[in-house]
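**Student:** Here's a structure for you.
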Amino acid sequence: DEILDRLRRVTSEYELGPSTQAIFDEARHRKIPVRRLGEDSLLQLGYGKHMQFIEASLPGSTGSIAVDLAKNKKLAKELLRENGIPVPAGGMVDSEDDAVILAEKLGYPVVIKPVDANQGRGVTVNIGDENPVRTAYRWARSFTWNVIVEKYIRGKDYRVLVVGNRVVAVAERKPPYVTGDGVHSISELVAEENKNPDRGIGHEKPLTRIYLDSMAKDFLARSGLTFDDIPAMGEMVYLRENGNISTGGTARECTREIHPTNQELAVKAARAIGLEVAGIDIVTDNIAKVITPQSGAVIEVNAAPGLRMHLYPTEGQSQNVAAAILDYMYPDPAMASIPIISITGTNGKTTVTRLIRHVLSLTGQKVGMTCSSGTYIGEECISRGDNTGPVSAQAILYNREVEVAVLETARGGIIRKGLGYDLADVGIITNISDDHLGLDGVNTLEDLAFVKALVVEAIKPNGHAVLNADDKMTEDIARKVDANLILFSRNRSNAFLARHIGQGGMAVVVEDDMLCWYQNMTKAEIMEICEIPITFQGKALCNIENSLAAAAGLLALGVAERTVKLGLMSFRPDPIANAGRFNFFDMGDFQILLDYGHNISGYQSVVQLINSMDAARLIGVIGMPGDRMDKSIFEVGKISGQTFSELYIKEDKDLRGRIPGEVASILYHGAVSGGAGKDDIKIIMSEVDALQNAINNAKTGDLIVMFYENFGEAYQLIDAVIKKNDQPIPLFPKGDTYLPVTPNESIETALGL
Numbered sequence: 049d050e051i052l053d054r055l056r057r058v059t060s061e062y063e064l065g066p067s068t069q070a071i072f073d074e075a076r077h078r079k080i081p082v083r084r085l086g087e088d089s090l091l092q093l094g095y096g097k098h099m100q101f102i103e104a105s106l107p108g109s110t111g112s113i114a115v116d117l118a119k120n121k122k123l124a125k126e127l128l129r130e131n132g133i134p135v136p137a138g139g140m141v142d143s144e145d146d147a148v149i150l151a152e153k154l155g156y157p158v159v160i161k162p163v164d165a166n167q168g169r170g171v172t173v174n175i176g177d178e179n180p181v182r183t184a185y186r187w188a189r190s191f192t193w194n195v196i197v198e199k200y201i202r203g204k205d206y207r208v209l210v211v212g213n214r215v216v217a218v219a220e221r222k223p224p225y226v227t228g229d230g231v232h233s234i235s236e237l238v239a240e241e242n243k244n245p246d247r248g249i250g251h252e253k254p255l256t257r258i259y260l261d262s263m264a265k266d267f268l269a270r271s272g273l274t275f276d277d278i279p280a281m282g283e284m285v286y287l288r289e290n291g292n293i294s295t296g297g298t299a300r301e302c303t304r305e306i307h308p309t310n311q312e313l314a315v316k317a318a319r320a321i322g323l324e325v326a327g328i329d330i331v332t333d334n335i336a337k338v339i340t341p342q343s344g345a346v347i348e349v350n351a352a353p354g355l356r357m358h359l360y361p362t363e364g365q366s367q368n369v370a371a372a373i374l375d376y377m378y379p380d381p382a383m384a385s386i387p388i389i390s391i392t393g394t395n396g397k398t399t400v401t402r403l404i405r406h407v408l409s410l411t412g413q414k415v416g417m418t419c420s421s422g423t424y425i426g427e428e429c430i431s432r433g434d435n436t437g438p439v440s441a442q443a444i445l446y447n448r449e450v451e452v453a454v455l456e457t458a459r460g461g462i463i464r465k466g467l468g469y470d471l472a473d474v475g476i477i478t479n480i481s482d483d484h485l486g487l488d489g490v491n492t493l494e495d496l497a498f499v500k501a502l503v504v505e506a507i508k509p510n511g512h513a514v515l516n517a518d519d520k521m522t523e524d525i526a527r528k529v530d531a532n533l534i535l536f537s538r539n540r541s542n543a544f545l546a547r548h549i550g551q552g553g554m555a556v557v558v559e560d561d562m563l564c565w566y567q568n569m570t571k572a573e574i575m576e577i578c579e580i581p582i583t584f585q586g587k588a589l590c591n592i593e594n595s596l597a598a599a600a601g602l603l604a605l606g607v608a609e610r611t612v613k614l615g616l617m618s619f620r621p622d623p624i625a626n627a628g629r630f631n632f633f634d635m636g637d638f639q640i641l642l643d644y645g646h647n648i649s650g651y652q653s654v655v656q657l658i659n660s661m662d663a664a665r666l667i668g669v670i671g672m673p674g675d676r677m678d679k680s681i682f683e684v685g686k687i688s689g690q691t692f693s694e695l696y697i698k699e700d701k702d703l704r705g706r707i708p709g710e711v712a713s714i715l716y717h718g719a720v721s722g723g724a725g726k727d728d729i730k731i732i733m734s735e736v737d738a739l740q741n742a743i744n745n746a747k748t749g750d751l752i753v754m755f756y757e758n759f760g761e762a763y764q765l766i767d768a769v770i771k772k773n774d775q776p777i778p779l780f781p782k783g784d785t786y787l788p789v790t791p792n793e794s795i796e797t798a799l800g801l
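In C-alpha cells, the structure reads:
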C-alpha cells in the first residue's frame, strides 16, 4: 500500500486533474486544438488569433482583478451586499480577542475563515462558544494574516456553477461521513472508505480521500466521539461540518431543482465580481424555493471552481460542464482554429509556400509562414533556418498575431515528430520524386508517397486536398483523400484530370496558355501564364506547376480570383520574394543563376529552363547532399556532364556522414559518363571558392548556374562583385521585359506599388 501510495502521488503530480481533464477531452471531442502547458492545469486552446488559455476552469479572458476580488472574501461580500444579494453578517478581525468580541456581537453560531483561502482551507463552521472561536481563529490565521468572522447560516450547502450568463449545474455538497457496522472504529471505517477507487490524493480522482486531521478530531469531539469509537450498525458519523469535495465531501446533483429566481441570483453574484466562470456557494434549506435574507445567503463566490462535484456526483447524473465552458469560450468550435495551408512534396514546396503567403498578405491578413529559409510572422523573420518541421509549425500556430498559417511540411519532420498541427484546411502535394530515399526507412517512391500523403489525409471536414494530376503517384494518393479534391496540371488532356473535371471536380489547369479554374464543369480563365513572373514567360515548367498548385490552394481557401491573379503577377523570382529559387543576377558580361536544386528532378527543372535561354556557354557549380543515394548523386553528375560546358564540383560543409571528397568523386565520375571532358571539370571543395573561380573565369555571354548549400554566402559574394563594379542587378535573364532591381530596393518600389 505504501508503494502504491507513492506511485499515486507521483502520478498525481503529472496527470491532469479531473476538472482539467474533462475540458481537455471535450476540446478533443470538438476538434478544438488543445495542449497542456507545463505540469499543472494550464491548457492552451485554439490556434493563432483564436488561441485562448484556461487554467483548471478559469478562462484566460477573466480579469485578474475579478479573481483577486473573489479571493478577498471581505471585499467580495461588500460588493454582493451592494448589489442586493443576501450575504451573512460579519467582519474582519486581526486578533483572537476581536474574533470573540465580534462572534458574541453577531450571536452564535458563527463561521471563521481566512479572508483569501479556498477549497475549505482554514474554515471552521457552526462555532458555538468562545474557546472554539479562539481555536478556529488560530487555524484560519495559519493560512492568512486576515480572518473573517461571520454569522453561521443554517441549511443545506449548495454549489451553483455559473458560466457566462447562465447556471449550468447545481450540486448539494455533503460532508464526509462513514456508516457504522458495529465492529470497526471510525478510523478503520475511514481507511476502508479511502480504498474506494474513486477517492484519491488531492484532485487526482472524482473524490478526495478523507483525512482524520485536527479539524475532524475537534468536530467529532463536539459529539463526544474519538477516532477509536465504534459506531453502531447503520449509524452515520459525519467527520466535518463543511461539504467541500477537496476535504472528502460528496455531492448530490440537483440542477433541475433550482428555482429560476435563484438562478438569476447566482448569475447576478458572478457578474458583480466579474467572473465568467464562477462557483456560487449558497446555503439555504431548499434551493427549489426563492431565497430571501431570512431563508438563506450567498456564502462565497469562487473563481476557478472545481468541476468534480458536477462531473462525478455521488447521487444523480453527471453534468457535462466542460461542454458548457467550451460553449462559452468557443460558441462556434470551427472558430477555435485559423486557416492552415500545409504544403509538402519533393520539389517546389518552398516556392509554393512563399507564393501562397505573398497572395494572402495582399488580403490584409497577418500571415504566419514556415519554410526552408525561416519562420515568419507577417514581414518579420522570427527564426532563420530550415524550419519545415512541427516545432516551427507550432511557433506559428501558437502566436496570437497570426490570422492564417502557411506551413512548408517536410518529410523528416513528419517521420520524426508528426505534422505539428491537428488538421489543415488545405493540404498540397506538389510532386513525388527521387529524394531522401534510403533515409528513415523510406526506400521507395511508394514509401515516400505514404509519408507525404499524411498532409492530404489530415484535413478538416469540408477542407481541400490539392494534388498534381501529372504525377504518377497521385491516383494512389487520391484514394486516401476524404477531403474535397482539387487537381492541378499543365496537361488538359491528362486522362485522370479529364475524368475528374467531367465529374464536376475542381481543377486548376493550363489551357491555351491560360491559367484556368474549373469547378462544377464551369471554366474561369484567370490569367495568361506569361503574366506570372516566376514562369519566365512560360519557360520554367516547374514554376508553372508551382503557380498552379498555389492558385489551387488559394482558391480552395476562398481567395478571390482577382486577388490570386494580382498575387501571381506581383510575386517575383528574386532574393526578396523567393530567395534561392531561380534567382538571376546580371553581372555585366555574364549572368549567374542561383538555385537550390538538390536532387535529380531539381537539376532537371533547372536544365529545362536554362536550355531555353540564349547563353554562349553554360557553366555549372554543382554539389549534392551527402545523405543521398550514390546512384542519385551519380545521376546528377551525369545530367551536369550532359549540360554544362564547364563544371566546378564542390561539397557541402555538412557532409552528412560522408568522408571528404566522396560526394565530389561520385559527381565527377557521373559528369564524365555524361560526356564532360576531364579538363573541363574542376573540383574545389569550398562552395564560395568554387563560385569565385567560376566568376573569375567567366566569359562574355556565359551563364553560371550554381546549386548552392548556403544561399547567404553565395549572395554575399555576388553582391560584393556587383558593388565593386557598380552594376545594377536585373533579377531576370537578359531579354525578359521586367524592371531591374538594385540590391537595396524593395519589391514594392520595383513594382511601382
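Residue numbering for the sequence shown follows the working numbering, beginning at 49 and increasing consecutively.
Think of the CB as a built atom: it goes at the ideal place given N, C-alpha and C, for glycine as much as any other residue.
Owing to the predicted nature of the structure, the values given are computational and were not obtained by experimental measurement.
1. Using 8 Å as the Cβ pair cut-off and three pairs as the minimum, do the region 668 to 680 and the region 738 to 757 touch?
2. Among T183, L596, E178, A217, which residue has its Cα nearest to the Cα of V171?
3. Whole alpha helix (DSSP H) runs in the region 69 to 147 with 4 or more residues, listed along the chain?
4. Would the beta-carbon of T398 fall within 7 Å of that of C429?
5. Look up I795 in the DSSP assignment and say whether it is helix, strand or coil.
6. What does a CB cutoff of less than 8 Å around H232 pick up in its chain, not counting 5 residues either side in sequence?
7. Excluding the 5 residues flanking V135 on each side, which residues of the same chain have their C-beta closer than 7 Å to its C-beta?
8. Between which two residues does the beta strand (DSSP E) holding W565 run?
9. On the DSSP bridge list, what partners appear for G668?
10. Would you check if there are 3 or more beta carbon pairs closer than 8 Å linking the region 581 to 593 to the region 628 to 639?
11. Assuming contact is defined by CB atoms lying nearer than 7 Å, are P361 and A219 in contact in what I supplied?
12. For S143, is the classification buried or exposed, using 16 other Cβ atoms within 10 angstroms of its Cβ as the cut-off for buried?
13. Of the choices G723, E735, L323, whose alpha-carbon is the least far from that of K698?
14. Tell me V218's beta-bridge partners as DSSP assigns them.
15. Give every residue of the same chain whose Cβ lies closer than 6 Å to the Cβ of Y651, excluding the five residues on either side of it in the sequence, and list them in chain order.
16. Distance check for A513 and M521, CA to CA, integer angstroms please.
17. Cutting at 8 Å between CB atoms, please list the residues of its own chain near E523, excluding the five before and the five after it.
18. In angstroms with no decimal places, state the Cα-to-Cα distance between D560 and L403.
19. Shortest alpha-carbon distance to Y95 belongs to which of S653, Y378, R432?
20. Identify whether Q365 lies in helix, strand or coil by the three-state DSSP scheme.
21. Assess contact between the region 451 to 462 and the region 100 to 117, defined as three or more Cβ pairs (one per stretch) separated by less than 8 Å. Is contact present?
22. Let me confirm a value: G705 is counted as buried when at least 16 other C-beta atoms fall within 10 Å, else exposed. Which label applies?
23. Jot down the residue ranges of each uninterrupted beta strand (DSSP E) in the region 388 to 414, minimum 3 residues, whole runs only, in chain order.
24. My parser needs the beta strand (DSSP E) runs of 3 or more residues fully inside the region 606 to 639; what are they?
25. Would the beta-carbon of Y286 fall within 7 Å of that of P223?
26. Can A543 be considered in contact with the ligand GDP, in the sense that its beta carbon sits closer than 6 Å to one or more heavy atoms?
27. Just the Cα atoms here: how many angstroms apart are A664 and G709?
28. Are F682 and G722 touching if we call contact CB-CB under 7 Å?
29. In terms of DSSP beta bridges, what is I330 paired with?
30. Is the CB-CB distance between R221 and G296 below 7 Å?
31. Which residue marks the beginning of the alpha helix (DSSP H) containing M263, and which one marks its end?
32. Using only the alpha-carbon positions, how far apart do A506 and R527 sit?
33. Between Y62 and the rest of its own chain, which residues show a CB-CB distance below 8 Å, the 5 nearest in sequence each way excluded?
34. When you compare each of V490, K508, A151 to V529 by their alpha carbons, which one comes out closest?
35. Which residues mark the beginning and the end of the alpha helix (DSSP H) in which K772 is found?
36. Distance, Cα to Cα, R202 vs T332?
**Tutor:** Working from what's here:
1. yes
2. T183
3. 112 to 119, 121 to 130
4. no
5. Since pLDDT at I795 reaches only 35, below the 50 mark, its modelled position is unreliable, and the value read off the structure follows with that caveat. Reduced to three states, the DSSP call for I795 is helix.
6. E240, I278
7. K125, L128, R129, A345, V346
8. 562 to 567
9. L695, V753
10. yes
11. yes
12. exposed
13. E735
14. V208
15. G645, V684, I687
16. 14 Å
17. F544
18. 23 Å
19. Y378
20. coil
21. no
22. exposed
23. 388 to 392
24. 631 to 634
25. yes
26. This structure lacks the ligand GDP, and indeed carries no ligand of any kind.
27. 31 Å
28. no
29. Y206, V346
30. no
31. 262 to 270
32. 14 Å
33. E87
34. K508
35. 759 to 773
36. 7 Å
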